[in-house]
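*Asks:* Sharing a structure here in structure tokens format.
Chains as they are written, first to last, in the working numbering: chain C, 659 to 1115; chain D, 939 to 1277.
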């Protein structure tokens, strides 16, 4: 499609950085020269409760560091907190992902606010909610101070003051005050919207209510906004602890378990998406599939009104939820977009030229790499209730996430000589069968607009 | 080398029996020595019939004779021996010669023609012709028009007419330079510039390439076949190879078969390398992933399948992907750091 994606591109980039969380930024931080002075911090009046909460929670707080085995230099840093007297620690999956995927290269250590240090073992992770359960290798002499989860029944009210704890940018342990703002709209999994600052390095740290109970785990923030941050609801961490507190430590590459979790995710994603009907794009001639904005967000754009050449209207719908697998891979997401072209100012031949070039201009066909195979495509004309479509389905297969695929469907209407619609549907990290089901579902979204009005009547 | 001395022997009653031609580097006769009697002696000695000024020739290097009606080369006392087109001869060896067969004595190349040999038919002289010139002009105009049309196609309405001047000239000038390059080759070897004929080749083949590059994707669109679009680059490459062969043949008309072999092998090797590279990078033979040409609907002849047929046919993708899913995985164990 034409490359006027300025707005969308900026938008996506912002989200992508966030989704990578603290790990990436901190890695850069660790590898670069010592961080530049940040300038005077704005002195927010720390309320008495923040002081009390920090004092109470501080013994349960720790920093989780991933070290490169050979040279013991830190590869990434996050935070964590004790949830049991036995020393179980909750943190983010993305804080420990290097150890989960390459245990032969990386190891985990912790450092408490008091300066105690020790090695950690990885017990379990929940990549869907970006959580991990770890535990010190050495058993403690006396029970650890731990934090309690706020019971689910005890709902948090919008505007309630909450306190995020962690070690931002490896500067030192800190408490940040903010407010609870309910759940993030259009997120695929429940995510708490925390109006407060989360910096890289606090990932995995707890966010507490006034009574010092954990309501969420720090996970991400939006780089294109201010104080728009996200927490994983505490119940998922409580579930992980319940499920895995006696688990055998992970010492080998966890791709099979990761694949199992991603397979569960793609199944619920596929089921929920297939259960939705398409909403129309309001096009006079065609039915164009545009998804419900239940867990996707759509942006529209169009050519300026005085454009001389090809005119188009564009719609981009993306899921903001993408699952973090590793620093170089996030997956488990859907994208639907289309461009409706009007080439009446161009004439038949010039329109065909632009329409072809737009159809060619797709980010596809990359070489195979260590993550995925190269793409392979199947293409054909498809007759959708009399509407002729050119359809290309391109897929690549994950090499280590066995049985998962990325699929991209390109569709172009080929009935008119001076106008048409080109659509693209992407499903990342789905099984082969689900890729085909989603493709079929997407194709069903195309048709003649007049039939829609007929069937509506 | 100086002019060879011509020994005018006693005139044969049968008249001139043939000639010995001393050839220059282009294969043209530099000197012609009539044969009035057999045998004909060749060497540096003054009493030879053909006296050579060649330090690599012996005083009595070789003798030409008729043995049972066949022209025969008999090599004398020499360290270098002699060569025919088919074999090397050492001292005291002999060989029969085919009509017009070139022999080499020292560094001198000789050709013998007998009066009794059949004469090769007259080869048609390719003259500078009016019709050829007209053809080139027509092709150049078509080519310019083609490129102007392509520029028109790719620009939005309301472009400046002056822009077309650059496009039209920009398309023709490189071809004229290309023809000039090959003409220099003709001048070196054939001693004639032959610009007209090289221009003809340049324009004719460029038109074919442009036509193919435009037509193949449209054929792919019309019939819903991916193959013509996939091989469009390869087809253009084949036509470029044929064009180079045509230029080369004009320069070296006698070596057509050898040149065709060389160009053919080079083309196949290039295509093979390209395909192998695609397999390595993209895990498929062609760079193109899918047919992106969407021509006007009136050109579409293929009918669509139903969505469910499309989905069923897509199942074959799994096997194609599975075939490569373990590529580059075997070394994952090797990534583990040592003790």
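Here a beta-carbon is modelled for each residue, glycine too, at the ideal position from N, C-alpha and C.
Only a predicted model underlies this, so the values are computations on that prediction, with no experimental measurement involved.
1. With 8 Å as the threshold, decide whether the Cβ of residue 1116(C) is near any Cβ in chain D.
2. Are residue 1009(D) and residue 1019(D) close, meaning C-beta to C-beta below 8 Å?
3. Classify residue 913(D) as buried or exposed, calling it buried when 16 or more other Cβ atoms lie within 10 Å of its own Cβ.
4. Residues in the same chain with beta-carbon distance under 6 Å from residue 982(D), minus the five sequence neighbours each way, listed in chain order, please.
5. By Cβ distance below 6 Å, which residues in the same chain neighbour residue 1137(D) in space, the five residues on each side in sequence not counted?
6. Per DSSP, residue 792(C) is paired with what?
7. Could you give the distance in angstroms between the alpha-carbon of residue 1197(D) and the alpha-carbon of residue 1162(D)?
8. Compile a chain-ordered list of the residues in the stretch 1084 to 1114 of chain D whose CB is closer than 7 Å to at least one CB of chain C.
9. Can you grab the Cα-Cα spacing for the pair residue 1069(C) / residue 1050(C), in whole Å?
10. Run through the stretch 1229 to 1270 of chain D for me and flag every whole alpha helix (DSSP H) of 4 or more residues, listed as ranges in chain order.
11. Let me see if you follow: with CB-CB separation under 8 Å, is residue 842(C) close to chain D or not?
12. Select from the stretch 802 to 827 of chain C all residues with a C-beta closer than 8 Å to any C-beta belonging to chain D, and list them in chain order.
13. Output yes or no for whether 8 Å exceeds the beta carbon distance between residue 1155(D) and residue 1170(D).
14. Rounded to whole angstroms, what is the Cα-Cα separation between residue 1098(C) and residue 1053(C)?
15. Pull up the distance between the alpha-carbon of residue 777(C) and that of residue 826(C), whole angstroms please.
16. May I ask you to list, following chain order, the residues of the stretch 720 to 743 of chain C that have a beta carbon less than 9 Å from some beta carbon of chain D?
17. At a Cβ threshold of 8 Å, is residue 863(C) touching chain D?
18. Per DSSP, residue 825(C) forms a beta bridge with which residues?
19. Along the stretch 1148 to 1170 of chain D, what residues have a CB closer than 9 Å to any CB found in chain C?
20. Within 10 angstroms of the Cβ of residue 1067(C), are there 16 or more other Cβ atoms? Answer buried if so, exposed if not.
21. Do residue 1016(C) and residue 971(C) count as a contact pair if the criterion is CB distance below 8 Å?
22. What residue does the alpha helix (DSSP H) around residue 993(C) start on, and which one ends it?
23. Distance cutoff 8 Å, beta carbons only. Does residue 884(D) sit that close to anything in chain C?
24. Tell me whether the beta-carbon of residue 1038(C) lies closer than 8 Å to the beta-carbon of residue 1105(D).
25. Taking residue 1061(C) and residue 921(C) to be in contact with their CB atoms under 8 Å, please state how far apart those CB atoms are, rounded to whole angstroms.
26. Are residue 881(D) and residue 1003(D) touching if we call contact CB-CB under 8 Å?
27. Smallest Cα separation from residue 1068(D): which of 1134(D), 1022(D), 1079(D), 1058(D)?
28. Going by Cα to Cα distance, which pick from 994(C), 1043(C), 1064(C) is closest to residue 1024(C)?
29. Please report the residue range of the beta strand (DSSP E) in which residue 1053(C) lies.
30. With a cut-off of 8 Å, does the C-beta of residue 1033(C) fall near any C-beta of chain D?
31. From which residue to which residue does the alpha helix (DSSP H) around residue 1071(D) run?
32. Note down the Cα distance separating residue 909(C) from residue 767(C), rounded to an integer number of angstroms.
33. How do the stretch 1166 to 1185 of chain D and the stretch 1245 to 1259 of chain D stand: do at least 3 beta-carbon pairs fall below 8 Å, yes or no?
34. Residue 767(C) lies in the beta strand (DSSP E); which residues open and close that run?
35. What are the complete alpha helix (DSSP H) segments, minimum 4 residues, inside the stretch 1072 to 1114 of chain C?
36. What does residue 1022(C) reach in chain D if we use C-beta pairs closer than 9 Å?
*Replies:* In this structure, then:
1. Outside the shown range of chain C, which is 659 to 1115, sits residue 1116(C), and nothing can be said about it.
2. On the second chain, residue 1009(D) is found 71 positions in, with the first residue counted as 1. On the second chain, residue 1019(D) is found 81 positions in, with the first residue counted as 1. The answer is no: Cβ separation not under 8 Å.
3. Nothing about residue 913(D) can be read from this structure; chain D reaches only from 939 to 1277.
4. On the second chain, residue 982(D) is found 44 positions in, with the first residue counted as 1. Excluding residues within five positions, the ones whose Cβ falls inside 6 Å are 990, 995, 997.
5. To locate residue 1137(D), count along the second chain from 1; it is residue 199. The answer, listed in chain order, is 1074, 1117.
6. Stepping through the first chain from its first residue, residue 792(C) is reached at position 134. 747(C), 780(C).
7. Position 259 of the second chain holds residue 1197(D). Position 224 of the second chain holds residue 1162(D). Whole-angstrom Cα-Cα distance: 38 Å.
8. 1091, 1092, 1094, 1095, 1096
9. Indexing the first chain from 1 puts residue 1069(C) at position 411. Indexing the first chain from 1 puts residue 1050(C) at position 392. Roughly 7 Å between the two C-alpha positions.
10. 1245 to 1252, 1254 to 1260
11. The sequence position of residue 842(C) within the first chain is 184, counting from 1. Using a Cβ-Cβ cut-off of 8 Å, residue 842(C) does not count as an interface residue toward chain D, since no Cβ of chain D sits closer than that to its own.
12. none
13. As a first step, residue 1155(D) must be located in the second chain, where it is residue number 217. As a first step, residue 1170(D) must be located in the second chain, where it is residue number 232. In this structure, residue 1170(D) lies closer than 8 Å to residue 1155(D) by Cβ.
14. Translated into the one-based positions of the first chain, residue 1098(C) becomes position 440. Translated into the one-based positions of the first chain, residue 1053(C) becomes position 395. About 14 Å.
15. Start at 1 with the first residue of the first chain, and residue 777(C) comes out as number 119. Start at 1 with the first residue of the first chain, and residue 826(C) comes out as number 168. The straight-line gap from Cα to Cα measures roughly 21 Å.
16. 727, 728
17. Here residue 863(C) refers to the residue found at position 205 when the first chain is read from its first residue. Output row for residue 863(C): interface = no.
18. The sequence position of residue 825(C) within the first chain is 167, counting from 1. None; residue 825(C) has no bridge partner.
19. 1155, 1159, 1162, 1164
20. Residue numbering aside, residue 1067(C) sits at position 409 when the first chain is read from its first letter. Classification of residue 1067(C): buried, given that the 10 Å Cβ count is 16 or more.
21. Your numbering for residue 971(C) matches position 313 in the first chain. Your numbering for residue 1016(C) matches position 358 in the first chain. No.
22. Your numbering for residue 993(C) matches position 335 in the first chain. That residue, residue 993(C), is in no alpha helix (DSSP H); its beta strand (DSSP E) goes 991 to 1000.
23. What is shown of chain D runs 939 to 1277, which leaves residue 884(D) out entirely.
24. Taking the first residue of the first chain as 1, we reach residue 1038(C) at position 380. Taking the first residue of the second chain as 1, we reach residue 1105(D) at position 167. The answer is no: Cβ separation not under 8 Å.
25. Residue 1061(C) sits at position 403 when you count from the first residue of the first chain. Residue 921(C) sits at position 263 when you count from the first residue of the first chain. Indeed they touch by this definition, with Cβ atoms about 7 Å apart.
26. Residue 881(D) falls outside the range modelled here, since chain D spans only 939 to 1277, and no answer is possible.
27. Here residue 1068(D) is taken as the residue at index 130 of the second chain, counted from 1. Closest option to residue 1068(D), Cα to Cα, is 1134(D).
28. Counted from its first residue, the first chain places residue 1024(C) at position 366. When only C-alpha atoms are compared, the closest one is 1064(C).
29. Locating residue 1053(C) in the first chain gives position 395, where the first residue counts as 1. Element bounds for residue 1053(C): 1045 to 1055.
30. In the first chain, the residue the question calls residue 1033(C) occupies position 375. For residue 1033(C), the answer is yes, since a Cβ of chain D falls inside 8 Å of its Cβ.
31. Taking the first residue of the second chain as 1, we reach residue 1071(D) at position 133. Start and end: 1068 to 1092.
32. For the purposes of this step, residue 909(C) is taken as the residue at position 251 of the first chain. For the purposes of this step, residue 767(C) is taken as the residue at position 109 of the first chain. Those two C-alpha atoms are separated by around 15 Å.
33. Result no; under three Cβ-Cβ pairs closer than 8 Å.
34. Residue 767(C) sits at position 109 when you count from the first residue of the first chain. 764 to 770 is the span of the beta strand (DSSP E), which, as asked, contains residue 767(C).
35. Segments of the alpha helix (DSSP H) lying fully in the stretch 1072 to 1114 of chain C: 1090 to 1102, 1107 to 1114.
36. For the purposes of this step, residue 1022(C) is identified with residue 364 of the first chain, where counting begins at 1. Those are 1227, 1228, listed as they occur along chain D.
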